[in-house]
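All remarks here apply to the structure that follows.
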Amino acid sequence: MTALLRPATESDLNDVVRIERSCFADPWSDESFRRLLAGHPAIFQVLVLQPENQVAG
Numbered sequence: 023m024t025a026l027l028r029p030a031t032e033s034d035l036n037d038v039v040r041i042e043r044s045c046f047a048d049p050w051s052d053e054s055f056r057r058l059l060a061g062h063p064a065i066f067q068v069l070v071l072q073p074e075n076q077v078a079g
């Protein structure tokens with residue numbers, strides 16, 4: 023298994039929010055992540071496990 027760091031996409035948001043909620047007592051909202059993706063896509067990166075294409079962080 024390998025990992026790939028890549029820019030986040032709209033289709034990653036459900037996984038990102040799920041991870042956020044499992045890690046933090048006061049997580050960011052879905053809308054906060056949507057605004058980050060819309061306003062600053064270059065800094066919103068996700069770690070994706072390959073070949074499953076599973077967002078891991």
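Using the working numbering, count along the sequence shown one by one with no gaps and you end on 79. Backbone N, C-alpha and C fix where the C-beta goes; we use that ideal spot for every residue, glycine too.
Three-state secondary structure assigned by DSSP to residue i
i, result
"Ala25", "strand"
Alpha carbon of residue i to alpha carbon of residue j, nearest angstrom
i, j, result
"Leu76", "Met23", "With the sequence shown as reference, residue 76 is identified as Gln, and Leu is not the correct amino acid for it. So the two alpha carbons sit approximately 11 angstroms from each other."
"Arg57", "Arg40", "17 angstroms"
"Asp96", "Val70", "Residue 96 lies beyond the stretch modelled for the chain, which goes from 23 to 79, so this question has no answer here."
"Val29", "Glu74", "In the sequence as presented, Val is not what sits at residue 29; that position holds Pro. The straight-line gap from Cα to Cα measures roughly 17 angstroms."
Continuous alpha helix (DSSP H) stretch holding residue i: start and end
i, result
"Asp37", "35 to 45"
"Gly61", "52 to 61"
Should the segment 61 to 71 be regarded as contacting the segment 44 to 51, the criterion being three or more beta carbon pairs within less than 8 angstroms?
-> Here the segment 61 to 71 makes no contact with the segment 44 to 51; the two share fewer than three CB pairs at distances below 8 angstroms.
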